[in-house]
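Have a look at the structure below, then the notes.
Chains as they are written, first to last, in my numbering: chain S, 1 to 400; chain U, 1001 to 1400.
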C-alpha cells in the first residue's frame, strides 16, 4: 500500500477550537460581531471538512456550522456539531433560532463572488459586511504542530520525487514524459491530486519540468518561471520540448498531503553546464546559506529579500535575479500551507516580522534569456532560534 | 514525441471575431453598452490567451484587449491587438483614450470576487454593473468546428486511458495505484494537466478510480459519485482502498486537450458481478441507447432527463438512479467545453432546446449503498439530425 495513503489525520477538535478562538480575537480587534465563512480552504481550516456549508463564528461562544451538502460527510470529518440546512435561504430563520446576530459581519471578500454576495446581502439586509480575509490569512500563516506534521509528510513526497527524477531523466525525452512519470510517482505516494492557490484565476499544475530556455518563459502568474505548458489554455508547466545535454533542467514540484502543500525546485544537468550558469546556481546556494544562517522569528521579510538582492548584485547577477527584463517578481519566497500563496511573502515591501510556526518556500532563481534558469527552492519552518528545513537537500546541483 | 504534444492550434482570428460579435448581439438584447471580462476561461475564449488582462467589448466595433502581464505571451497567443497596461488603475485614462464608454457595463458577476469588483466600481464610479455571465455561458455552449476538433482530440486521450485501464487493472492494487498509472498515461498523451470548473470552490481531480462501495461516497459537489479521495481536504477521487474481485470498479476520467475537456465513465469488473448490479448497468445502457436514438437539436433537456427517470422507474431502479437517499442530483448530463460544468445541463428543469454544436456528457449511473456504483458516461455533440459520439465505446461492461 502506498505510504501515507489513508493514514491521514483528521483535524482534532482542540485544533479547531484554538483556530476559532484566534479568529474571535481578531474579530474583537476589528469590531466584527459575526463571521460567515464560505471558501473551501477556510472551511477546511476552521471545520476540518469541505462541504457546501456556512460557518458562522460569533465574537464570543461557539462556532455554528450549517451544512447543506454533504451532511453525512461533514459529520464524519468535522469535530464540530453540524446542523443540517436545506439551502442558503433557510439561514435567516436558523440564525434567529441559534441566537446568531451581528451588525458588522466579516466575510472572505477576496474570494466570494459578487452574485453570491448579493444574494447574502438580500437575505441579511441589515448587515454591514467587512472583509475578514486579511485576519484569516494572518491566522493561517502560523502553523501548529499538527499542521507541520502534515507539511513534513508532504515534504517527504517532494524528496522522493526528486530522487526519482535523478534516476529517470534522460537526454531526448520530452519535458512532458518526465512530468508524467513524476506526477505518477507523487500520486502513488499519496499526493492529494490538486495543489490549491487562493483567488479567482489562480491555479497551478503539480509539476514543471523545464529544459533549457523553456524555463525563461513567463506568464500571467506572479512567478519568476512558468514554462510553456501544453497549450495556451494552461500556459504553465511542462511542454513537448525535448530535454537536451549541457543545459539546466529545472524541476519545480508541488506536493500536497492531507491538504498541505510543499513546493521545491531542483536543477538537473545531463553533461556539463556553462560556467556562468553553474556560477549563478552557486550564488543561489550562497543566498540560501546566508538566509538559513540569519533567519529566525522576528526577522523582517523585506530584509531577507534585500539580502538576496544584495548578494545577486555583488555577483553582477541583478539582471537575472527573479526574472529578467520587465518580468521580475518582487519577492523571493512565499508562504505555504493549505494553499501555495499563503503568508508570509518574502517580498520587497513586507515589514511584518516572521513568527515561529510560519512556513515558507524560499526560491532564489536566475533567469538567462535564450539559455534557461538555475536556482534552488526549499521550504522552511520558522523557529525562534532559526529555520528548520522541510526536506532533504544535498546542496549540490545534480549532474547526470 | 507524445501525440498531440505541441501540435495544438491557436485560436484563429475569425473564430475570436465571431465570438465577440455573438457577445455584442447579446449585449444589444440586454441593453449593455460595454463588457469587461476578467475570468481566465472567458478570456481564453474571447482572446485566445490567458493573461492578467482586461478585455473590453463595446456594443459596436472591435474589442480592446489591455494586458498587464504577460504582454509578450499575449501577443504570441492572441490574434487580437494587445495594448500594454501598467495596472488596473491606469484603465480609466485608457478607456477615455480608446473611446470606450458605457453607462451599463456587463461583468462576470458569478465569478468576480467582491474585493476586485469594489475596486473596479471605485475606478469607474458612474457605471451601472450588470451580470453578463448568463450570456457568456449561452454563447460558449455552442461549439464551433475548431472547438469540436479540440474536443475530439481530448476524447482520444479518454479512449486510450480506458484501453490502458483494461490492461493494468489487477486485484489487490489500490485505487490510487491505478489512478497514478492512468494519470501518467493521459499526461504523456498531451493532457493539459488541469480540468477546470467554473465558480468559487469548484474543483476536480482528473480521474476517479472507485472500487466497490467507494463509489457510493458523495461530497459537497453536485455530482452523483465522488469517492473518498486521499484526504478530507480534497474529498473526491481515488483513495488507498484496495481493488477487489466481483465488484464494480468505476473509473471516471476527465481529459483536457488545448483547453477542452471531455469526461467519461466506464465500469470494470474482475471476475463476476452480482445480477442486480449487472442488470442496472444494462439499464444504463438502455437509457444511453434510448437517448442516442431520440436526441437531436430542438429536443428539450428536461425531456431527456425525464426519459432516463422513466426507464429507471420501469426497472424499479428509481432509488438508485443518480444518487441514493437524500443525495440524488437533479441532472443526468452536463455541458462540456473549456470547463466541466458548462451548458446545457440535462436536468429536471431545463426547457431550453438543445442546439446544433452543443456538447454534453451524459451519465446514467446507479448507486447501491454498501456495494458500489454502475453506469456509463459518454460525451456527445448535438447535431441537427442526432447525436455524434466523441469517443469509442464498445457498449459492453469490461470484464477482466
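For every residue, glycine included, the Cβ atom is placed at its ideal position computed from N, Cα and C. Every value quoted in this text rests on a predicted model; they were computed, and no experiment measured them.
Practice task
Name the two residues that bound the continuous alpha helix (DSSP H) containing residue 1130 (chain U).
Solution key: As a first step, residue 1130 (chain U) is located in the second chain; it is residue number 130 there, counting from the start. Not the alpha helix (DSSP H): residue 1130 (chain U) falls in the beta strand (DSSP E), residues 1128-1131.
Handout entry: Nearest residue (CA-CA) to residue 164 (chain S), options S:263, S:203 and S:251
Key = Residue numbering aside, residue 164 (chain S) sits at position 164 when the first chain is read from its first letter. Per the Cα distances, S:251.
Practice task
Using a Cβ-Cβ cut-off of less than 9 Å, give me the residues of the region 1038-1053 of chain U that come near chain S, in sequence order.
Solution key: Answer set for the region 1038-1053 of chain U: 1038, 1039, 1040, 1041, 1043, 1044, 1048, 1049, 1050, 1051, 1052 and 1053.
Exercise for the section: Quick one: give me the first and last residue of the beta strand (DSSP E) that residue 103 (chain S) is part of. Expected result: In the first chain, counting from the first residue as 1, residue 103 (chain S) sits at position 103. Neither: residue 103 (chain S) is in no beta strand (DSSP E) and is coded neither H nor E.
Exercise for the section: Report yes if the C-beta distance between residue 1019 (chain U) and residue 1207 (chain U) is below 9 Å; otherwise report no. Expected result: If you number the second chain from 1, residue 1019 (chain U) lands on position 19. If you number the second chain from 1, residue 1207 (chain U) lands on position 207. Between residue 1019 (chain U) and residue 1207 (chain U), the C-beta spacing is not below 9 Å.
Exercise for the section: Flag this pair as yes or no: are the beta carbons of residue 135 (chain S) and residue 23 (chain S) separated by less than 9 Å? Expected result: On the first chain, residue 135 (chain S) is found 135 positions in, with the first residue counted as 1. On the first chain, residue 23 (chain S) is found 23 positions in, with the first residue counted as 1. In this structure, residue 135 (chain S) places its C-beta atom within 9 Å of the C-beta atom of residue 23 (chain S).
Problem - Cα-Cα separation, residue 232 (chain S) to residue 1010 (chain U) - result: For the purposes of this step, residue 232 (chain S) is taken as the residue at position 232 of the first chain. For the purposes of this step, residue 1010 (chain U) is taken as the residue at position 10 of the second chain. So the alpha carbons of these two residues sit roughly 8 Å apart.
Practice task
Please list, in chain order, all residues of the same chain as residue 1162 (chain U) whose beta carbon is under 6 Å from its beta carbon, the five residues on each side excluded.
Solution key: Along the second chain, read from residue 1 onward, the residue named residue 1162 (chain U) stands at position 162. Hits under 6 Å: 1266.
Exercise for the section: Quickly, what does DSSP pair residue 1208 (chain U) with across the bridge? List them, please. Expected result: The residue you call residue 1208 (chain U) lines up with position 208 of the second chain. Note: residue 1208 (chain U) sits in a beta bridge opposite U:1252.
Practice task
Thinking residue 1281 (chain U) and residue 1158 (chain U) are a contact (beta carbons under 8 Å), I'd like their distance in whole angstroms, please.
Solution key: Here residue 1281 (chain U) is taken as the residue at index 281 of the second chain, counted from 1. Here residue 1158 (chain U) is taken as the residue at index 158 of the second chain, counted from 1. Not really, about 19 Å apart at Cβ, beyond 8 Å.
Practice task
Would you identify the three-state DSSP class for residue 82 (chain S), choosing helix, strand or coil?
Solution key: Taking the first chain and counting its residues from 1, the one referred to as residue 82 (chain S) is at position 82. The answer is strand: DSSP assigns residue 82 (chain S) an E or B state.
Practice task
Along the beta strand (DSSP E) that carries residue 238 (chain S), what are the first and last residues, could you check?
Solution key: Sequence index remark: in the first chain, residue 238 (chain S) carries index 238 (1-based). No beta strand (DSSP E) holds residue 238 (chain S); DSSP gives it neither H nor E.
Practice task
Have a look at residue 1200 (chain U) and residue 130 (chain S) and give me their C-alpha separation to the nearest angstrom.
Solution key: To locate residue 1200 (chain U), count along the second chain from 1; it is residue 200. To locate residue 130 (chain S), count along the first chain from 1; it is residue 130. Rounded to whole angstroms, residue 1200 (chain U) to residue 130 (chain S) spans 19 Å at the Cα level.
Exercise for the section: Starting from the N-terminal side, write out each stretch of the alpha helix (DSSP H) that is 4 residues or longer and does not extend beyond the region 1042-1092 of chain U. Expected result: 1071-1077, all fully within the region 1042-1092 of chain U.
Exercise for the section: Could you name the residues of the same chain whose beta carbon sits closer than 6 Å to that of residue 146 (chain S), not counting the 5 residues immediately before and after it, in chain order? Expected result: Stepping through the first chain from its first residue, residue 146 (chain S) is reached at position 146. Once the five neighbours on either side are set aside, the close Cβ partners of residue 146 (chain S) are 15.
Exercise for the section: Express the C-alpha separation of residue 1386 (chain U) and residue 1380 (chain U) in angstroms, rounding to a whole number. Expected result: Within the second chain, the letter at position 380 stands for residue 1380 (chain U). Within the second chain, the letter at position 386 stands for residue 1386 (chain U). Rounded to the nearest whole angstrom, the CA to CA distance from residue 1380 (chain U) to residue 1386 (chain U) is 10 Å.
Exercise for the section: Could you confirm whether any beta carbon from chain S is found closer than 9 Å to the beta carbon of residue 1214 (chain U)? Expected result: Walking along the second chain from the start, residue 1214 (chain U) turns up at place 214. Taking 9 Å as the threshold, the shortest C-beta distance from residue 1214 (chain U) to chain S does not fall below it.
Practice task
Check whether the region 1319-1331 of chain U touches the region 1210-1226 of chain U, counting contact only when three or more Cβ pairs, one atom from each stretch, lie closer than 8 Å.
Solution key: Contact between the region 1319-1331 of chain U and the region 1210-1226 of chain U is established, with three or more Cβ pairs separated by less than 8 Å.
Handout entry: Contacts that residue 192 (chain S) makes with chain U (C-beta to C-beta distance below 8 Å)
Key = Here residue 192 (chain S) is taken as the residue at index 192 of the first chain, counted from 1. Residues of chain U passing the Cβ test: 1229, 1230, 1231, 1233 and 1234.
Handout entry: Nonlocal neighbours in the same chain, by C-beta distance under 6 Å from residue 1377 (chain U), ignoring five residues either side
Key = The residue labelled residue 1377 (chain U) in the question sits at position 377 within the second chain. Within the same chain, residue 1377 (chain U) has close Cβ partners 1264, 1265, 1361 and 1363.
Handout entry: Residue span of the alpha helix (DSSP H) that contains residue 1347 (chain U), given as start and end
Key = Working through the second chain from its first residue, we reach residue 1347 (chain U) at position 347. No alpha helix (DSSP H) contains residue 1347 (chain U), which is instead part of the beta strand (DSSP E) from 1342-1347.
Handout entry: Beta-carbon proximity check, residue 235 (chain S) vs residue 219 (chain S), cutoff 9 Å
Key = Residue numbering aside, residue 235 (chain S) sits at position 235 when the first chain is read from its first letter. Residue numbering aside, residue 219 (chain S) sits at position 219 when the first chain is read from its first letter. Yes.
Exercise for the section: Mind listing the chain S neighbours of residue 1148 (chain U)? Cutoff is C-beta to C-beta under 9 Å, in chain order. Expected result: On the second chain, position 148 is the one that residue 1148 (chain U) refers to. Result: empty, since nearest Cβ-Cβ is about 16 Å, beyond 9 Å.
Exercise for the section: Give a yes or no on whether the minimum CB-CB distance between residue 1096 (chain U) and chain S is below 9 Å. Expected result: Looking up residue 1096 (chain U) in the second chain gives position 96. With 9 Å as the cut-off, residue 1096 (chain U) does not count as an interface residue toward chain S.
Problem - Contact between the region 1288-1306 of chain U and the region 1335-1353 of chain U (3+ Cβ pairs under 8 Å) - result: In this structure the region 1288-1306 of chain U lies against the region 1335-1353 of chain U, because at least three pairs of beta carbons, one per stretch, are closer than 8 Å.
Handout entry: Cβ of residue 181 (chain S) within 9 Å of any chain U Cβ
Key = On the first chain, position 181 is the one that residue 181 (chain S) refers to. For residue 181 (chain S), the answer is yes, since a Cβ of chain U falls inside 9 Å of its Cβ.
Problem - the region 107-120 of chain S in contact with the region 1105-1115 of chain U per 3-pair CB rule at 8 Å - result: Segment contact: the region 107-120 of chain S against the region 1105-1115 of chain U, three or more CB-CB distances shorter than 8 Å; contact assigned.
Practice task
Below 8 Å on the Cβ atoms is my guess for residue 297 (chain S) versus residue 247 (chain S); work out the distance and round it to an integer in Å.
Solution key: By 1-based counting over the first chain, the position of residue 297 (chain S) is 297. By 1-based counting over the first chain, the position of residue 247 (chain S) is 247. With 8 Å as the limit, residue 297 (chain S) and residue 247 (chain S) do not qualify as a contact, their Cβ atoms being about 40 Å apart.
Handout entry: According to DSSP, residues forming a beta bridge with residue 37 (chain S)
Key = As a first step, residue 37 (chain S) is located in the first chain; it is residue number 37 there, counting from the start. Residue pairing by DSSP places residue 37 (chain S) opposite S:55 in a beta bridge.
Exercise for the section: Give a yes or no on whether the minimum CB-CB distance between residue 1259 (chain U) and chain S is below 9 Å. Expected result: In the second chain, the residue the question calls residue 1259 (chain U) occupies position 259. At least one CB atom of chain S sits nearer than 9 Å to the CB of residue 1259 (chain U).
Exercise for the section: Would you grab the beta carbon distance between residue 1053 (chain U) and residue 1065 (chain U) for me? Rounded to a whole angstrom, and I think it's under 8 Å. Expected result: Your numbering for residue 1053 (chain U) matches position 53 in the second chain. Your numbering for residue 1065 (chain U) matches position 65 in the second chain. Taking the Cβ atoms as the reference, residue 1053 (chain U) lies roughly 6 Å from residue 1065 (chain U), within the contact range of under 8 Å.
Problem - 9 Å Cβ cutoff, residue 1017 (chain U) in contact with chain S - result: Counting from 1 along the second chain, the entry for residue 1017 (chain U) is found at position 17. Residue 1017 (chain U) is outside the set of residues whose beta carbon lies under 9 Å from a beta carbon in chain S.
Practice task
Within the same chain, show all residues whose beta-carbon is closer than 7 Å to that of residue 1080 (chain U), passing over the 5 residues directly before and after it, in chain order.
Solution key: For the purposes of this step, residue 1080 (chain U) is identified with residue 80 of the second chain, where counting begins at 1. If we look at residue 1080 (chain U) and ignore the five residues flanking it on each side, its Cβ neighbours are 1016, 1047, 1063 and 1065.
Practice task
With 9 Å as the C-beta to C-beta threshold (strictly closer), list the residues of the region 1108-1132 of chain U near chain S in chain order.
Solution key: Cβ contacts with chain S: 1108, 1109, 1110, 1111, 1112, 1113, 1114, 1115, 1116, 1117, 1118, 1129 and 1131.
Practice task
In the DSSP assignment, find the unbroken beta strand (DSSP E) run with residue 374 (chain S) in it and report its ends.
Solution key: Within the first chain, numbered from 1, the residue matching residue 374 (chain S) stands at position 374. 372-375 is the extent of the beta strand (DSSP E) around residue 374 (chain S).
Problem - CB contact check: residue 356 (chain S) to chain U, cutoff 9 Å - result: As a first step, residue 356 (chain S) is located in the first chain; it is residue number 356 there, counting from the start. No, its Cβ sits nowhere closer than 9 Å to a Cβ of chain U.
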